[in-house]
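Protein chains in written order, with our numbering: chain A, 1 to 296; chain B, 1 to 114.
This is the structure we're talking about:
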């Protein structure tokens with residue numbers, strides 16, 4: 001890596017490191033495994049960027065991290081029942097839109113438990129209360145534009161970015177309806193680039209395709225998976241190749257399907273996240289050491 | 001990272017070992033540029049001993065692919081290890097670069113579809 005120079009030409013301190021946690025539903029819990037390894041190795045993190053399910057670990061990491069196993073256990077307990085309750089109003093509206101008046105602001109799952117879970121996690125805290133800068137990506141449902149939240153109430157940003165269309169209702173912020181950040185930016189490396197990161201540790205997840213579709217909803221989710229996976233790869237490719245920042249991808253190999261209600265898989269996901277990070281840790285160490293040497 | 005260059009006319013074989021990353025990308029770019037400037041534009045990168053590649057390494061490869069094609073040749077990659085292949089696939093390289101199982105197949109490809 002070239003030495004980073006200040007405006008006066010003097011070498012600056014170590015590179016700015018960003019942790020990016022992409023979308024992936026419950027798979028994002030693997031990021032706690034990644035954090036375990038990064039903390040053990042004292043890899044410095046200067047900012048966190050997160051999308052969708054990644055917002056939970058992202059918020060925890062930006063708050064200074066800590067015992068990653070304990071945090072994963074907390075989410076294992078908290079996620080029980082968080083995603084399970086069907087909204088018959090939403091479901092009927094989806095199946096028989098004219099008869100039951102389809103409303104785009106409804107989802108097929110009730111969000112009361114989800115909202116409670118997010119409130120229990122962050123309370124009324126704001127981005128400004130965290131130890132590190134955190135940027136959470138959501139999608140403006142009306143315009144399709146990307147929205148990046150870096151200030152204000154954490155609850156609103158997290159609730160917005162996890163609002164999987166049709167599954168959970170969108171979340172209003174500033175008069176706009178917000179949905180899942182994965183719809184526009186499933187691996188938001190671009191935000192880390194914009195915020196001046198030199199090294200971007202990018203943890204991403206491809207959704208696994210379910211074979212066969214037993215309902216229209218299955219079909220829709222399958223199509224969404226295909227589109228988001230391609231968007232994820234395209235964005236990784238573009239931002240890796242178009243900018244000087246060094247992108248270190250951490251892509252856990254998860255050989256089984258993971259649904260929102262599969263909380264029992266959390267310990268295994270944490271392990272897989274740690275394993276994927278161990279594969280990159282040698283390079284991260286060399287990268288930071290080389291940069292320190294250059295700056296000296 | 002180590003680089004060893006040999007001629008297997010009409011192909012130039014660039015055997016790379018170690019990690020192709022931001023700490024070594026400049027060396028790799030220089031090696032490719034040297035060959036291209038000397039008019040050797042049909043390049044095969046032997047990746048059998050490449051253990052890692054990062055975004056800076058990918059940028060170096062992409063630059064060499066673009067330059068070699070502009071000059072009427074190509075850079076083709078052989079014997080990529082699974083972990084490296086994952087990164088090449090994720091970044092779209094497997095769509096835009098010709099990748100072969102081994103060096104012989106990559107070198108032979110220039111005879112048929114150069």
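For every residue, glycine included, the Cβ atom is placed at its ideal position computed from N, Cα and C. Keep in mind it's a predicted model, so treat the numbers as computed, not measured.
- Contact of residue 208 of chain A with chain B is not assigned, every C-beta pair being separated by 8 Å or more.
- Residue pairing by DSSP places residue 103 of chain A opposite no residue, since no beta bridge is assigned to it.
- Residue environment: residue 38 of chain B is assigned as exposed (fewer than 16 neighbouring CB atoms within 10 Å of its CB, all protein chains considered).
- Interface criterion met: the Cβ of residue 290 of chain A is under 8 Å from a Cβ in chain B.
- Taking 8 Å as the cut-off, the Cβ atoms of residue 201 of chain A and residue 49 of chain A do not count as close.
- Between residue 154 of chain A and residue 127 of chain A, the CB-CB gap stays under 8 Å.
- When 9 Å is used as the limit between beta carbons, residue 246 of chain A is near these residues of chain B: 21, 22, 54, 55, 56, in chain order.
- Excluding five sequence positions before and after residue 68 of chain B, the CB atoms of its chain that fall closer than 8 Å to its own CB belong to 32, 36, 41, 42, 43, 74, 75, given in chain order.
- In the three-state scheme derived from DSSP, where H, G and I count as helix and E and B as strand, residue 193 of chain A is classed as helix.
- Fewer than three beta-carbon pairs drawn from the stretch 208-215 of chain A and the stretch 49-62 of chain A are found closer than 8 Å, and the two stretches are therefore not classed as touching.
- Contact of residue 17 of chain B with chain A is not assigned, every C-beta pair being separated by 8 Å or more.
- Taking all protein chains in view, the Cβ of residue 15 of chain B is crowded by 16 or more other Cβ atoms within 10 Å, so the residue is classified as buried.
- Using beta-carbon distances, residue 103 of chain B does not count as an interface residue toward chain A, since no partner is under 8 Å.
- About 7 Å separates the Cβ atoms of residue 138 of chain A and residue 149 of chain A, confirming a contact at the 8 Å cut-off.
- At a C-beta separation below 8 Å, residue 251 of chain A has these neighbours in chain B: 86, 90.
- Pairwise C-beta distances place the stretch 224-233 of chain A out of contact with the stretch 71-88 of chain A, as fewer than three of them are shorter than 8 Å.
- For residue 70 of chain B, the nearest beta carbon of chain A is not closer than 8 Å to its own beta carbon.
- Against chain B, the beta carbon of residue 92 of chain A has no neighbour under 9 Å; the closest one sits roughly 40 Å away.
- CA-to-CA, the gap between residue 77 of chain B and residue 76 of chain A works out to about 44 Å.
- Straight-line spacing of the CA atoms in residue 184 of chain A and residue 5 of chain B works out to 44 Å.
- Along the stretch 23-51 of chain B, going in chain order, the ones with a CB nearer than 8 Å to a CB of chain A are 23.
- With a contact defined as Cβ atoms closer than 8 Å, residue 141 of chain A and residue 179 of chain A qualify at about 5 Å.
- The beta carbon of residue 16 of chain A does not come within 8 Å of any beta carbon belonging to chain B, so the residue lies off that interface.
- Considering only A:261, A:243, A:59, A:124, the residue with the shortest C-alpha distance to residue 58 of chain B is A:243.
- Within the DSSP secondary-structure output, residue 19 of chain B pairs in a beta bridge with B:52.
- Closest by C-alpha distance to residue 132 of chain A, out of A:283, A:33, A:59, is A:59.
- Between residue 117 of chain A and the set A:203, A:109, A:78, A:97, the nearest pair of CA atoms involves A:78.
- In this structure, residue 84 of chain B sits near residue 52 of chain B, with a CB-CB distance shorter than 8 Å.
- For residue 75 of chain B, no CB of chain A lies under 8 Å from its own CB, so it is not counted at the interface with that chain.
- Between residue 283 of chain A and residue 248 of chain A, the C-beta gap is smaller than 8 Å, which places the two residues in contact.
- In this chain, residue 246 of chain A is not harboured by any alpha helix (DSSP H); it is covered by the beta strand (DSSP E) spanning 246-250.
- DSSP lists B:17 as the bridge partner or partners of residue 2 of chain B.
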